[in-house]
Amino acid sequence: MGQVAALSLSRLSARCWQRLLWPGPARIPGGLAARSLSSMATSIRFSPAARSLFDEPLGIAVQGLGPRQQVTLRASLRDEAGELFEAHGRYQAADDGELDLARCPALPGGSFSGLEPMGLLWALQPRKPFWRLVKKDVQTPFRLQLEVLEGHGDPPGQLLAQAEHERLFLRDGVRRVPVREGRIRATLFLPPGNGPFPGIIDLYGTGGGLPEYRACLLANYGFAVLALAFYGYEDLPKEMKEFHLEYFEEAINYMLKHTQVKGPGVGLLGFSKGGDLCLSMASFLKGITATAVINGSVANVGAVLRYKDITIPPLGADAKRIKINKSGIADIVDVLNNPLEGPNRRSFIPLEKAECRFLFIVGQDDHNWKSEFFAVEGSKHLQAHGKEKPEIVCYPGAGHYIEPPFFPMCAASMHLLVGKPVMWGGEPKAHSEAQRDAWQQIQAFFHRHLNGKPSGTTNKL
Ligand SMILES: CCCCCCCC/C=C/CCCCCCCC(=O)SCCNC(=O)CCNC(=O)[C@H](O)C(C)(C)COP(=O)(O)OP(=O)(O)OC[C@H]1O[C@@H](n2cnc3c(N)ncnc32)[C@H](O)[C@@H]1OP(=O)(O)O
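In case it helps, my numbering puts the sequence shown at residues -1 to 459.
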């Protein structure tokens, strides 16, 4: 093995491989031999070294650069559909030839600028228009590729170093249990050990399928989390026409009967359409202690809701209120009718019937609908009926798709109800900061309200 390889190998950490590419002999006047290897071997250091959880910060540093050398760092990953997501940052090494993203600001001209240690992740953007980063198989990691390129040119200069890092979804010991009990179509994530653990039911919105990634990331923090499908999955209804709360009631009872789920009640976490379903569950069903809604509606939307002899119609909408933004993409923020006006009030969810605590997470630049208006009106409604004031956390500059930390912001994608791409809103940096804070707020809310009683006093259904 050549000297370069030997030198390179000596730098390899046990768990983090990197392929040093011999940059070729330095073009030194007079054709002299290349500079000493040590000055040529650039290396990348991740912390943690080889793998980390997707929602955890990742330390990134580059060593072996020249004093104040200008380089471009290019991050990329391919999702499970093979679609490429990329981001790059322009940097200048310190006087000692080290570049630590925690201490060194990105210069203008990249995907982001300023001191952004995680910018290479949250600024990832797809080559395919209207594509969103989702993780379908949470048992495998995303493989993050990082390249260090000479200079700030476009196209960039020669490759100085590259490395790979795995971004995981399941912490060691967290169990993934498919649930096909009765009509329930779900996946339960259980922390290591026997529990019992505070239980949460996690609902995404319009789109069908069974997104598991938020549920499993949450289970990494000690919750038993049930990712619940409710249409467009296996033998569930194919379309969003009507929902029966009895299906969701079955999921609550499944959780409260589970030996590893702590009673007396579960938490609900709902995003978008999943949010108003959680609010309806909280209003009509028993066994719910805490409900967190991310950019949800306080009116039933998109499909008829039924429970026993009760029917809540979907809030009306008017396609004429669809705007087209300067990029030619649909903006549906005004499409829904006002649930406080006239017959639309029949769609307002009777939150006053709920016996749980509420948390509303709001992206103030949400363009799917008026999430802040919904949260404020929900709060007024609860207080007007003598109920506890809900927690409302608003994030300026955050759009509709508030996901777990470091998911890149999706500015626009196909809205399966509208049948065309829509803009979701948000500004990437503000949206990323909102995701990090919201994730902490949600965990704290559930720990506060689900861990209230010692586990010995639980009374299950
Ligand atoms: C001009 C018409 C006017 C109409 C007037 C307006 C009337 C209607 C308006 C009413 C007002 C609003 C009422 C209700 C609003 C509801 C609010 C919301 O919920 S907004 C959406 C929130 N989204 C989510 O919560 C995500 C939910 N889940 C999913 O998206 C999916 O589970 C999944 C993508 C994570 C995976 O699903 P799966 O079924 O496995 O995916 P599949 O490969 O079958 O793809 C299905 C379909 O989904 C799209 N898709 C898939 N992957 C991606 C991706 N990575 N990025 C972007 N889009 C993706 C894609 O379109 C797929 O369809 P294809 O035909 O295969 O392209």
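The beta carbon of each residue, even a glycine, is placed where N, CA and C say it ideally should be. Nothing here was measured: the structure is a model prediction, and the numbers come from that model.
Specify, as a first and last residue, the run of the beta strand (DSSP E) that residue i falls within.
i	result
C392	389 to 393
F356	355 to 361
M412	410 to 413
V175	173 to 177
A225	222 to 226
R545	Outside the displayed range of the chain (-1 to 459) lies residue 545, so it cannot be described from this structure.
Can you tell me whether residue i is helix, strand or coil according to DSSP?
i	result
N449	coil
F44	strand
H398	coil
H256	coil
Q1	Residue confidence for Q1 is low, a pLDDT of 35 falling below 50, so the modelled location carries little weight; the figure read from the coordinates is stated next. Residue state, collapsed to three classes: helix.
I182	coil
Q156	coil
V333	coil
G340	helix
I310	strand
H163	strand
Y219	coil
Y211	helix
P426	helix
L468	The shown model of the chain, from -1 to 459, leaves out residue 468, and the question about it has no answer.
Q90	strand
Q67	coil
E148	strand
A432	helix
L234	coil
L168	coil
A39	coil
F443	helix
E386	coil
By DSSP's criteria, residue i is part of a beta bridge. Which residues make up the other side?
i	result
L113	DSSP output for L113 lists no bridge partner at all.
D98	A59
S74	E84, Q143
H242	R304
L267	D200, A290
Q123	E84
K418	H413
L349	Answer is none; L349 lacks a bridge partner.
L105	R88
A461	Outside the modelled stretch of the chain, which goes from -1 to 459, sits residue 461, for which no answer is possible.
L118	Partner(s): none; L118 has no beta bridge.
F187	R174, V223
F405	BP columns for F405 are empty, so no partner.
A328	I322, V420
A297	F346
Between which two residues does the alpha helix (DSSP H) holding residue i run?
i	result
K271	271 to 282
V374	369 to 382
R49	Where R49 is concerned, there is no enclosing alpha helix (DSSP H), although the beta strand (DSSP E) it sits in stretches over 49 to 51.
Any chance the CB of residue i is under 8 Å from a heavy atom of ligand 2?
i	result
D233	Among the ligands present in this structure, namely ligand 1, ligand 2 is not found.
task: State whether the region 415 to 427 contacts the region 52 to 71, with contact taken as three or more CB pairs (one from each stretch) at a distance under 8 Å.
output: no
query: At a cut of 8 Å, does the region 357 to 376 reach the region 420 to 429 through at least three beta carbon pairs?
result: yes
- request: Spell out a yes or no on whether the region 393 to 401 and the region 314 to 330 are touching, meaning 3 or more CB-CB pairs, one atom from each, closer than 8 Å.
  value: no
Three-pair Cβ contact test at 8 Å for the region 161 to 181 versus the region 213 to 223: yes
query: Any chance the region 197 to 214 sits against the region 145 to 158, with 3 or more Cβ pairs inside 8 Å?
result: no
query: On the three-pair Cβ rule with 8 Å, is the region 331 to 340 touching the region 250 to 261?
result: no
message: I'd like to know if the region 39 to 52 and the region 74 to 88 are in contact, where contact means that at least 3 CB-CB pairs between them fall below 8 Å.
response: no
query: Is the region 186 to 202 close to the region 84 to 104, with three or more CB pairs under 8 Å?
result: no
query: Between the region 219 to 227 and the region 153 to 160, do at least 3 Cβ pairs fall closer than 8 Å?
result: no
- prompt: Does the pairing of the region 177 to 189 with the region 345 to 365 give three or more beta-carbon distances under 8 Å?
  reply: no
- prompt: Is there contact between the region 298 to 315 and the region 271 to 284, where contact requires at least three CB pairs shorter than 8 Å?
  reply: yes
task: Determine, using beta-carbon pairs with one atom in the region 425 to 438 and one in the region 113 to 124, whether at least three such pairs fall under 8 Å.
output: yes
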